[in-house]
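In this note's numbering, the protein residues as written are 753 to 1369.
Input: a single structure, listed below in structure tokens.
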């Protein structure tokens, strides 16, 4: 599952845009940017600037401090707002982020570097230079922006992400910046310009992350100052030792069992001594708690923020400080967690109370033995990787490991996401770029998962192969995403690897050294590489399993099943929520030709049907 919390997106200049940029009269660009420079005033060309803002957003208020190098645009952003204490920066080489748990993590995946380059470009006003700082700049035209006439420029910094800029045609001051980040269209709106330290500065900044008005953040300039040049270390990723997780009694390693349900990893955890609760383990997620745990563990909820995932819908939640989350022989302590409804019982068949992900993996070496269904957590200082399997390096794409590989013979970048039940989901931009729909005509359009953003739909096929580093996986089941929104519409990566594929390995994650290890399980789990043979997506409901999707011309459709039907009995067994995972597995693993009897309750009648399974891909 992919969470909204600080993820990124890639954007390249099309040949048409480049051609337009070359055809734009230089005098128009000169006139707009020269007028802007004159309107802003004498910004020092060297030294540093410090801007302090009053911050409001996500239902929180606080102070944001931005420190910038005036020559290079290198920056450090620090936010202290209630329970949120985060930061990020760029020293001209590597962007980084500090999440709510206090871990400083380099950001070299996706478009993190490109986004940072473009931010630095703007910070240093490189577009004022005669060579435009090496960027391609074109005039889009005169536009009316919320009642104000503006001059619209399109800017492609060298190595950066392309962005749009609007300048007030009357005052010549910057009015708005828009650029793609993550899988959103983001913008910053500048207003209330006043002179500070001899320079015209926007005293109000609206930050729209693309999640709607609920996600707006607002900055109000408190003070601005210009000073001497600062050492580059000011902007570099800090090497502060990680805290927040303790192995009990001085142990160097601890193991806990887990359940694999719906290809999801579940373990037991306690929150502030209460519980036990059921937590999902998700490399693609953060530490989350459901609202029911808030009351049971007597937590204080504050703030409100939107969240998005693989589906196309959004949800929202708040934050809560937590003293301890205990998992077997380890304890996460003094954490700020996000509060949201993770999975409702109808989706998983069980109550899901929480999630652990990046914050835990960032601090310990984590081994997932899908065969033995056991998790092992090890102090990184005492971890010997010699027998862990094939090493595969990764970079961080926000909080998710991103590895290099291949789809068939084409180079590809893959998110590693244990919270996904699928084997691989190929993003919609990559499906189009590689013409995978025409390359793989045999398949089925179906619901392939259900998460924070709702149902995930894809055209499901069987690829020839994929590679993760040097490891080849033959004939994997792949969802070719058709999403226009959500993380599977993100062009910054090509595919999302889930537990449906990882379950054939012992998988070890060493986030500190940015390394994943794969050790094949022999023999392979019996359901590896299988896909549903019925054409159904079922969720738990009162009295059985509700049919929420029926693939066209599938065995279920031919048997007369329709959305809204409730399966009361499946293969002679009562349909009970706690067996939902088993029911889905039965429809996936029983061989083609198997006849599965069902007792089905429709809107007006109850009937018996036979679904004859067959291979759909």
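Quick reminder that beta carbons are idealized off the backbone N, C-alpha and C, glycines included.
(Q) Going residue by residue through the segment 985-1040, where are the continuous beta strand (DSSP E) segments of at least 3 residues, counting only ones entirely within it? (A) 997-999, 1005-1009, 1011-1013, 1016-1023 and 1026-1033
Q) With a CB to CB cut of under 6 Å and the five nearest residues on each side skipped, what residues in its chain are close to residue 818? A) What you label residue 818 is simply residue 66 of the chain shown in a count that begins at 1. Contacts found: 803 and 829.
**Q.** Sufficient close CB pairs (3 or more, under 8 Å) joining the segment 970-988 to the segment 801-816
**A.** yes
Q.
Using C-beta distances below 7 Å, list every residue in its chain close to residue 1081, excluding the 5 sequence neighbours before and after it, in chain order.
A. For the purposes of this step, residue 1081 is taken as the residue at position 329 of the chain shown. So the qualifying residues of the chain are 999, 1000, 1003 and 1006.
**Q.** Contacts around residue 1351, its chain only, beta-carbon distance under 6 Å, and the 5 residues preceding and following it disregarded
**A.** Position 599 of the chain shown, counted from the first residue, corresponds to residue 1351. The residues are 1320, 1321 and 1360.
Q) Over what stretch of residues does the alpha helix (DSSP H) that includes residue 873 continue unbroken? A) Within the chain shown, residue 873 is the residue found at index 121, counting from 1. That run of the alpha helix (DSSP H) goes 864-875.
Q. By DSSP, does residue 1091 sit in helix, in strand, or in coil?
A. For the purposes of this step, residue 1091 is taken as the residue at position 339 of the chain shown. The answer is strand: DSSP assigns residue 1091 an E or B state.
(Q) Using C-beta distances below 8 Å, list every residue in its chain close to residue 1331, excluding the 5 sequence neighbours before and after it, in chain order. (A) As a position in the chain shown, residue 1331 is number 579, starting the count at 1. Once the five neighbours on either side are set aside, the close Cβ partners of residue 1331 are 1101 and 1325.
**Q.** Neighbour-count burial assignment, residue 1258, 16 or more Cβ in a 10 Å radius
**A.** Locating residue 1258 in the chain shown gives position 506, where the first residue counts as 1. Buried is the call here.
Q. Within 10 angstroms of its Cβ, does residue 767 collect 16 or more other Cβ (buried), or is it exposed?
A. In the chain shown, residue 767 corresponds to position 15, counting from 1. Model confidence at residue 767 stands at a pLDDT of 35, short of 50, so the residue's coordinates are unreliable; what they give is reported in the following sentence. That one is exposed.
Q.
If I follow the unbroken beta strand (DSSP E) through residue 1334, where does it start and stop?
A. For the purposes of this step, residue 1334 is identified with residue 582 of the chain shown, where counting begins at 1. Taken as a continuous stretch (DSSP letters only), residue 1334 belongs to no beta strand (DSSP E), being part of the alpha helix (DSSP H) at 1332-1341.
(Q) Can you list, in chain order, the residues of its chain with a C-beta nearer than 6 Å to that of residue 1114? Leave out the 5 residues immediately preceding and following it. (A) On the chain shown, position 362 is the one that residue 1114 refers to. Cβ within range, chain order: 855 and 1263.
Q: Taking only beta-carbon positions, decide if residue 1265 is within less than 8 Å of chain B.
A: This model lacks chain B altogether, as it is built from one protein chain only.
Q: Apply the 10 Å Cβ neighbour rule to residue 1046 and answer buried if 16 or more other Cβ atoms are within range, or exposed otherwise.
A: Here residue 1046 refers to the residue found at position 294 of the chain shown. It is buried - the Cβ of residue 1046 has at least 16 other Cβ atoms within 10 Å.
Q: Tell me where the alpha helix (DSSP H) around residue 1307 begins and ends.
A: Taking the chain shown and counting its residues from 1, one reaches residue 1307 at position 555. 1307-1310 is the span of the alpha helix (DSSP H), which, as asked, contains residue 1307.
Q. Where residue 885 and residue 900 are concerned, what is the direct C-alpha to C-alpha distance, given to the nearest angstrom?
A. Here residue 885 refers to the residue found at position 133 of the chain shown. Here residue 900 refers to the residue found at position 148 of the chain shown. Cα-Cα distance, rounded: 28 Å.
Q: With a cut-off of 8 Å on the beta carbons, I'd call residue 1201 and residue 1172 a contact; round off their distance for me.
A: Within the chain shown, numbered from 1, the residue matching residue 1201 stands at position 449. Within the chain shown, numbered from 1, the residue matching residue 1172 stands at position 420. Yes, they are in contact, since the Cβ atoms of residue 1201 and residue 1172 sit about 7 Å apart, within 8 Å.
Q) Since residue 849 sits in a beta bridge, which residues does DSSP pair it with? A) In the chain shown, the residue the question calls residue 849 occupies position 97. BP columns for residue 849 point to 840 and 857.
Q.
Suppose the cutoff is 6 Å on Cβ atoms and the five residues either side in sequence are ignored; what does the same chain contact list for residue 820 look like?
A. Along the chain shown, one-based indexing puts residue 820 at 68. These residues qualify, in order along the chain: 801, 827 and 875.
Q) Residue ranges of each beta strand (DSSP E) run of no fewer than 3 residues wholly in the segment 1203-1264, ordered along the chain? A) 1206-1214, 1217-1220, 1223-1226, 1229-1233, 1247-1249 and 1257-1262
Q: Identify which residue in 951, 947 and 866 has its Cα closest to the Cα of residue 910.
A: For the purposes of this step, residue 910 is taken as residue 158 along the chain shown, with counting starting at 1. With distances taken between Cα atoms, residue 910 lies closest to 866.
Q: Determine, using beta-carbon pairs with one atom in the segment 1331-1346 and one in the segment 1277-1296, whether at least three such pairs fall under 8 Å.
A: yes
Q) Skipping 5 residues on each side, what residues in its chain have a beta carbon closer than 6 Å to that of residue 990? A) Counting from one through the chain shown, the residue named residue 990 turns up at place 238. Excluding positions up to five away in sequence, the list reads 856.
Q | Close Cβ partners of residue 833 (< 7 Å) along its chain, the five nearest in sequence each way excluded | A | The count along the chain shown starts at 1 and reaches residue 833 at position 81. Same-chain partners within the cutoff: 807, 812, 813 and 814.
**Q.** Spatially closest choice to residue 1302 from 1293, 1294, 1313 and 1159, by CA coordinates
**A.** If you number the chain shown from 1, residue 1302 lands on position 550. Comparing Cα-Cα distances from residue 1302 to each of 1293, 1294, 1313 and 1159, the minimum goes to 1313.
Q: Consult DSSP for residue 753 and reduce its assignment to one of helix, strand or coil.
A: The count along the chain shown starts at 1 and reaches residue 753 at position 1. Summary for residue 753: the model assigns pLDDT 46, below 50, so the residue's position carries little reliability; its value from the coordinates is reported in the next sentence. DSSP places residue 753 in coil when its eight states are reduced to three.
Q. Across which residues does DSSP place residue 1325 in a beta bridge pair?
A. Along the chain shown, one-based indexing puts residue 1325 at 573. Bridge partners of residue 1325: 1322.
**Q.** Run of the beta strand (DSSP E) containing residue 972, from where it starts to where it stops
**A.** Taking the first residue of the chain shown as 1, we reach residue 972 at position 220. Element bounds for residue 972: 969-979.
Q | Burial state of residue 1216 (16 or more Cβ within 10 Å) | A | Looking up residue 1216 in the chain shown gives position 464. The residue in question, residue 1216, is exposed, as its Cβ has fewer than 16 Cβ neighbours within 10 Å.
**Q.** Residues near residue 959 in its chain [Cβ-Cβ closer than 6 Å; skip 5 each side]
**A.** By 1-based counting over the chain shown, the position of residue 959 is 207. Closer than 6 Å at Cβ, skipping near neighbours: 940 and 969.
Q) Which term fits residue 1358, buried or exposed, when burial requires 16 or more other beta carbons within 10 angstroms of its beta carbon? A) Your numbering for residue 1358 matches position 606 in the chain shown. It counts as exposed.
Q. Do you know how far the Cα of residue 863 is from the Cα of residue 933?
A. Within the chain shown, numbered from 1, the residue matching residue 933 stands at position 181. Within the chain shown, numbered from 1, the residue matching residue 863 stands at position 111. Answer to the nearest angstrom: the Cα atoms are 8 Å apart.
(Q) Whole angstroms are fine: how far does the CA of residue 1318 sit from the CA of residue 1297? (A) Working through the chain shown from its first residue, we reach residue 1297 at position 545. Working through the chain shown from its first residue, we reach residue 1318 at position 566. Looking at the two C-alpha atoms, the distance is approximately 5 Å.
Q.
Going by beta-carbon coordinates alone, are residue 996 and residue 1086 separated by less than 8 Å?
A. Locating residue 996 in the chain shown gives position 244, where the first residue counts as 1. Locating residue 1086 in the chain shown gives position 334, where the first residue counts as 1. Against a cut-off of 8 Å, the Cβ pair of residue 1086 and residue 996 comes out as a contact.
Q: Using only alpha-carbon positions, find the residue among 1174, 1218, 1155 and 1224 that is nearest to residue 1210.
A: Your numbering for residue 1210 matches position 458 in the chain shown. Looking at the Cα atoms, 1174 is the closest of the given residues.
Q. Quick one: Cα of residue 954 to Cα of residue 976, how far?
A. Here residue 954 corresponds to residue number 202 of the chain shown, with the count starting at 1. Here residue 976 corresponds to residue number 224 of the chain shown, with the count starting at 1. Approximately 11 Å, taken between the alpha carbons.
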